[in-house]
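Numbering (this note's numbering), first residue to last: 228 to 380.
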C-alpha cells in the first residue's frame, strides 16, 4: 500500500505510472513525479505562498546544504482517470488564508488537468505555517518581494 505522512489524507507510495492511453505507436503513461513537478512549479507562483512546508531532520539538513526537497509535502494519488493531490504549504503572514488556499486548489486543478488530460477530483491544501517576510524584502505597494522587483530591471 504505502506510508501515510502526518497530515496526508491518503497513503504515499513509490512513484508509479498511470494512464492506459494507447496510440497507434504504443502506450502513454504519466508518472506521479510528473504531476508533482507540475504542482511544484505552479503552486509557488500563487501570491501569498512562501514555500512548501518541509519537515523532519533529513529535509532540514538537505535545505542547509542547499538541496530543496518537496517530496514530503506533495502527495499524488492516481486512479485510472482521476488524480487526488495534497500539498503542505507555508503562507505569508497577514494574507487571507482561505483565499490563497482556494487559489492553490484552482491553479493545481486547472494546470494538472490541462497538462495530463486527467480529471483532478480533490486538492487538499494543508497550511502548516505562516512566515512574515522581512520589511526590506517586501514591496508593500506591489505585493512582491524586492528580489522580484530587482530581477525585472
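Every residue gets a Cβ at the ideal spot worked out from N, C-alpha and C, and that includes glycine.
At what residues does the beta strand (DSSP E) containing residue i begin and finish?
i: residue 358; result: 346 to 358
i: residue 302; result: 301 to 305
DSSP puts residue i in a beta bridge; with which residues?
i: residue 272; result: Beta-bridge pairing links residue 272 to no other residue.
i: residue 278; result: 317
i: residue 312; result: 303 and 350
Is it buried or exposed, residue i, if we count other Cβ atoms within 10 angstroms and call 16 or more buried?
i: residue 313; result: buried
i: residue 255; result: exposed
i: residue 271; result: exposed
i: residue 376; result: With a pLDDT of only 44 at residue 376, under the threshold of 50, the placement of this residue in the model should not be trusted, and no figure is reported.
i: residue 345; result: buried
i: residue 315; result: buried
i: residue 307; result: exposed
i: residue 275; result: buried
i: residue 284; result: Unreliable positioning characterises residue 284 in this predicted model, as indicated by a pLDDT of 45, which lies under 50. A coordinate reading is not provided.
i: residue 305; result: buried
Could you round the C-beta distance between residue i and residue j to whole angstroms and report it? I think they count as a contact, below 8 Å.
i: residue 347; j: residue 336; result: 4 Å
i: residue 259; j: residue 303; result: 4 Å
i: residue 331; j: residue 352; result: 5 Å
i: residue 310; j: residue 280; result: Their Cβ separation, rounded to whole angstroms, is 21 Å, which puts residue 310 and residue 280 out of contact at 8 Å.
i: residue 338; j: residue 277; result: With 8 Å as the limit, residue 338 and residue 277 do not qualify as a contact, their Cβ atoms being about 20 Å apart.
i: residue 301; j: residue 273; result: About 14 Å separates the two Cβ atoms, so there is no contact after all.
For the alpha helix (DSSP H) that contains residue i, what are its first and last residues?
i: residue 337; result: 324 to 343
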